[in-house]
Structures are given as structure tokens and as C-alpha cells.
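One structure below.
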Amino acid sequence: MHQRLRDSLAIWCGFLLFIVGPLDALTVYRLGGSDLPAPELAALEGVEFVQLAWADVVEDQHGQTNLIEVTPNHIAPRQLDPTVNLTPLLPQPDFLGDIFYLTWIGWGGPDVDDWFIWDEDPNTVYLGDGHFAQHGPKHKSLIFDLGGLFFLERIKFYPRERHLHDRFVESFTIGISDGDPLKDPHRELQAGVGGFGRGSVVAFDVLYDIRENTDPIIELELPAEPVQKVLFQAAENTRGIWELAELELYGAGYAPFAGYQSNVIDLGRAVSLGDLSWSGVIEPGARVALTMRSGDTPTPSIYWRFTFRGDEQSRFDTEGRVLTRKAYNKLNKGERAGITPDTQQWEAWSQAYDFADSTGVMQADQPRRYVQLRADFESLKEAGGRLDYVQFSVSDPPVATQVLAEIAPAQVKAGEVTSFTYAVLPQFEEDDLGFDTIEVETPVQVKSVDAVRISEMEVGFDVLRSDAEGFALRIPRMDLQRTEELVEVDFQVEVFKFGTMFAGRVSDSERPFEVHQRLTAGDADPLVESNALSVGLVEVKRKAANALRLASPVFTPNGDGVNDELQIEYELLNLLGAVPVALDLYDLSGHRLGVVHRGTAQSGRFRVAWGGVLASGERVGPGCYLLRLKVTSDRGVEILQRVIALAY
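Its first residue numbered 1123, the sequence shown is counted upward by one per residue in our numbering.
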């Protein structure tokens, strides 16, 4: 049975190769999902599959985790077990937390006998006999730092059982902090010793300030809010001494904020970056922000050192070598001048992908050698997320070494049909794949694609796709023989928002599984000065609602198939994002009858078909009415209206 399946798969893969042509340039990378089978595409001859592990995070390769649980098959925010005492876990390396003790010179590591407080042995104790005042202030002060924000539920501390009634803590203070330094000046308690350097004082909000305690076992609830640090502070007892057998902290739920940043992934050479796909789960109320970036160097950061010649800073060491992360960390603190992102060799982090889509285009405006992925988790106490794997494909060699593109004109009037020329200048090297397909993203469907020219000569073309997202053209093949020959595409479309991007991609129809390479904004045509793929507006109007149009003001929804629906079209201009849009029906006296349409919309042109039935289900009788468009944006509320007539 298994042999027949393998034979069938081999025949199917061979058939695919015959249909789609060679695939020797495609490599599929997958981070995570180690126990999953390889993607189906990897079964095709010539496709390379590279499996990367979630756990292979190395700081020297710019990888890091923050409050993340890592397994071979997924990553997720760390989750607390309400039955587990957190205190003994804090000093452990894999928890990222710590415990600090206050001395005369500031906060430092725990003293030798402090460890009895969290050794999980109720028969060993820390004695509060006042000896702590020999090395520090008159209060015994401990900070329990969780290493990040968590939802804590309770704190509990107590003496040994045989001293329950004669060695309990008579007075104490419990404070909490979320670690936000902007709040510190306004917190009630500044714990520490001032004047001994940075970090000597740590600020807390006071939860409990007990002066006359009579309970031997203290168990107190903590607020249902994210906490990073807990303060315990106690003075000497007025009668006798106190002791702590154990101090316990308990929490529950997901870490509110957690993150995973992959190592910088070396793809071997500059390659075309394709689509990104992922799998995971998000519970209601939680969020996972998946982003990526790409670059041309192994490090996305620039490291600076002080040369001590005035304010001079250098990115090189004393022997003229570029500073690396490792070399920077070896510098004395006084030499470290800071770390900045390398904006010349690396692109910025992309906007977060829509997690529900499970796929998206990698953000790279040219072939790149290095890629880095990041996932930021935001969770509620009882709702989190999980990321199983992230997968992407690259073409090696790339479609082209570089493809510059620019659009003209660079400024137009809002909402008017404009003739554009899209210039594309490819640069090929010997192994590059070449392309015969150009895709261009547009704000709305183009009115027409009028011409294609190569080296100023008109050539034939086929429109493969034209819709609200853009269009795709089949053109004569561009490869090494036509390197640096200018391709120009003329088309007509409207622009509704300042800075509208006309991003583009090129691909090879003979290799449909290969990457569709993004175009690089630049000087494709020396006679055009835009050097950009974005278009501005000549007159930036203050109004958001630009137009409300009807295909016909009269419609007859009687079911005969002729003019049964009212075709409504409206235009919105220069909005920063989606805004609420309402279409309502009024009688001619201004009385509101009901809802025609509710939704959100961004800048652009939108169409709504209405069949004469309100959202409530009520069918509207014949007559004349007012159709009112209401748009609510940061500019206020704008209203457009038109008279319509309904007849049966």
C-alpha cells in the first residue's frame, strides 16, 4: 500500500515538473513545526527544504526570547500554574527573574541566609533578629523580580510551625510595580538608599502597610493587574524576633507581553523573497503580531564606541575593525556609546501581518541575503496565542539582481482618472531567472491598460488580471539579453489618498512556484524625477466624503430582474485608516426610517447594492426618499445625501 502511494506521488510530482518547468531555484524555509512532515512542494525535484528549530535562538546571532515557552512544535507565552510557588524559580537562569536584597550600597544579590526564605524547606529559616541592620537600613527589604509582567494572585509567608505564635512578623509592607519608569516618580514608596548610584532606589505602589499584625500565617491577595516586581519590607519586632520559613508567590494565566525574535537567517546569497505563511491559534482577546525584516549584512545593528576625543563616536574598534555585538559587549561601560539600527543595509520591521490570513508577502524591496522573523504576543490572563511555525520561500538565483521602478506623474488630483506610466528597469546577472509577468498594485481597479513599451518600442501584452487589488500583465520575456532595457506600462486609474503606493512584482510564468520578486523604488527612467512608487495629491482636501453617486435615482425592486437594486457608489479621500461609514434612509421630512448599510472603509471608491429592504427586515414602500451617507473620521462627521425614488 505504502509503495503504491510513493509510486503515485512520484508520478504526480513528475507530471507537475512537466507542467510547471524547472524548480531548481526554489528553497523553502520553515521555522518551527519540527515534527510536521515537509511541505508538499518539497517532494518536487529541485526544491530544497530547510528546517529550522524554535529553540535554536542565539544572542550573538541577534535571536532572543522574552517570557516564551519553546517546544519543537510551537511557541507560546509563558503561563503560570496557580499551584506552583514562583519564589524559588526566580533565581533560576531559565526564568529570567531574580531576587534582590537591600544593603547600605544599594540593591544586590541575596545574602547567604536569605536563601532559606525560598528553599522550599519549612524547617529552615531566616531570622529577623535585627542583624540585617548591620549591613543595611533598619528594614529587611527584598525585591522579587519576575523578569517580566505576570498576573499574580497572592503572597504568603510564615514562620516554622513550632514558632507560629511567637515569631511571626508584626509589621510589614508589601508593594508592587509594573516596571514602568514613567510611573516611578508618582509611586508612593521609594525603596532603597539614595545617593549611591543609579538603581539604588526602586519605586513601588504600596498594597499593604501593616503595623500591628497578629496572624502567624500571612496570605494576602494581589490585584488582578500585570506585575513585574514585588517588595517585602519588615522592621524588627517590638517584642522578640521574627522569622521566615518560606515566602511564597503564586500567579496564574499568561504573561501579558511576550516575544520571540529569531536568529538572523543567512540565505547564502541575495535571493528573491517570496510569500510568508504560518499556522497557529489566537484565543479571543489575545493578539499575535508577526513581523519580518531583511538586509544585506549579518547584523541589523550598528555598534558605537566613544573614542574619548571630545564627543566623537566610532563604529570601529581601536584596530579599525567594525564593532560586532560580541566586541561591543566586551567594551568597558564607559566606552559603549549605544546601538542604532542599520537603516542603510537593513529594511525596517514590516507592519504586522493579519494573523487570520495565514499568509502574506515578505516585505523586501530587492533581493536580500538575510532575514529575521519576530512574533510579539499580547495576552489576557485567560486568553493567549500559539504560533506553530513560520514558513517562507526564496528563489536562488533571484528573478533579477535588481529591478528598479518608478511611477509618473508623482502628484495628481484626488478622485480623478489619471494616465500613469510605470517604468521598470531590470538588471540581470548570468544565473538570474528572468521574468515575463509584471504585477502592479492599485488603489482601485484600473480603467484601462493602454500600452507596454520596451526600449521605447511598443510591444504586445496580455492582461492576465484586473481587479480592485491591481493588475497583472504578460509581456515579452526579459532576461540577461535585455538587461537594463526600460519597460514602460501605461494605465489609467484614480488615486484617493496621499502617498498611495503602487508596489509591483515580477515573475516567470514558466516557473509558477518560484518567487514573485518585489520591485525596488528608484531611478528607473532618468527622464522621470519621481524615483518613487508612491503618488501624492496636488490638492489635499480636508473633506473625507468626496462623492455619493447613484447609477440611477429610480429603481423598481419587484423581482423582474430589471433595475431591482439601487447601485450606490461613494468615495472617501485621504483617510489614515478605516473609519465608520453609515448609509441610512430618511423620508423627505427628515425622519429616519432605518439602516441601509453599516461598515468601515478606507480611502477609495466603494459600491453598495440595496434591494429596498432595511436592515430591520422592513420592506420600503414606493415613494421618494433621502439616502444619507455619514462618515465619521478624525476630521469630524461629514454627510452627503441624494434623493431616490422607489416604485413597484
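Where a beta carbon is used, it is the ideal one built from N, C-alpha and C, also for glycine.
Query: Indicate whether the contact test is met: 3 or more Cβ pairs, each with one atom in the stretch 1408-1423 and one in the stretch 1434-1442, closer than 8 Å.; Result: no
Query: Jot down the residue ranges of each uninterrupted beta strand (DSSP E) in the stretch 1362-1443, minimum 3 residues, whole runs only, in chain order.; Result: 1364-1366, 1368-1373, 1379-1383, 1387-1404, 1409-1417 and 1423-1428
Query: Taking 8 Å as the limit between beta carbons, can you name the residues of its chain near S1738, skipping five residues before and five after?; Result: G1716 and V1717
Query: Alpha carbon to alpha carbon, how far is K1619 from T1540? Give it in angstroms, no decimals.; Result: 14 Å
Query: Would you be able to state if there are at least three C-beta pairs under 8 Å between the stretch 1577-1589 and the stretch 1642-1650?; Result: no
Query: Are there 16 or more other CB atoms within 10 angstroms of the CB of F1638, so buried, or fewer, so exposed?; Result: What sits at residue 1638 in the sequence shown is His, not Phe. Buried is the call here.
Query: CB-CB under 8 Å to S1130, same chain, minus the five flanking residues each way: which ones, in chain order?; Result: Here S1130 scores only 41 on pLDDT, less than 50, and its place in the model should not be relied on; the value that follows carries that caveat. So no residue of the chain qualifies.
Query: Can you look up E1774 in the DSSP assignment and give me helix, strand or coil?; Result: Since the displayed the chain opens at 1123 and closes at 1770, residue 1774 lies outside it and no answer follows.
Query: Hey, could you find the ends of the alpha helix (DSSP H) R1447 is sitting in?; Result: R1447 to K1452
Query: Would you kindly check if the distance between the Cβ of E1500 and the Cβ of G1375 is under 8 Å?; Result: no
Query: Using a Cβ-Cβ cutoff of less than 7 Å, which residues in the same chain neighbour V1180 once the five nearest sequence positions on both sides are dropped?; Result: N1385
Query: What residue range is occupied by the uninterrupted beta strand (DSSP E) comprising R1289?; Result: That residue, R1289, is in no beta strand (DSSP E); it is neither H nor E in DSSP.
Query: Return the chain-ordered ranges of every beta strand (DSSP E) run that is complete within the stretch 1514-1581 and spans a minimum of 3 residues.; Result: 1524-1530, 1540-1549, 1557-1563 and 1570-1576
Query: At what residue ranges does the stretch 1145-1215 contain a whole run of the beta strand (DSSP E), taking only runs of 3 or more?; Result: 1148-1154, 1170-1174, 1186-1188, 1190-1192 and 1197-1199
Query: Name the DSSP bridge partner or partners of S1299?; Result: K1351
Query: Do L1768 and P1744 have their C-beta atoms within less than 8 Å of each other?; Result: yes
Query: Tell me whether H1713 sits in a helix, a strand or coil according to DSSP, three-state version.; Result: coil
Query: For R1490, which option in Q1533, P1420 and Y1223 has the closest C-alpha, if you only look at C-alpha atoms?; Result: P1420
Query: Inspect the beta-carbon positions of I1529 and V1628 and report whether they are closer than 8 Å.; Result: no
Query: Since D1464 and I1424 should fall inside the 8 Å C-beta cutoff, what is the C-beta to C-beta distance between them, to a whole number of angstroms?; Result: 5 Å
Query: What's the C-alpha gap between E1606 and L1398?; Result: 30 Å
Query: CA-CA distance, Q1355 and T1295?; Result: 5 Å
Query: Tell me the rounded alpha-carbon separation between D1572 and V1611.; Result: 8 Å
Query: According to DSSP, simplified to helix, strand and coil, what is V1493?; Result: strand
Query: Starting from F1217, trace the beta strand (DSSP E) both ways and give me its first and last residue.; Result: Looking at the DSSP string, F1217 is not in any beta strand (DSSP E), and its letter there is neither H nor E.
Query: Specify, as a first and last residue, the run of the beta strand (DSSP E) that M1600 falls within.; Result: G1592 to M1600
Query: Consult DSSP for E1343 and reduce its assignment to one of helix, strand or coil.; Result: strand
Query: Compute the Euclidean distance between the alpha carbons of F1217 and V1172, then round it to the nearest angstrom.; Result: 30 Å
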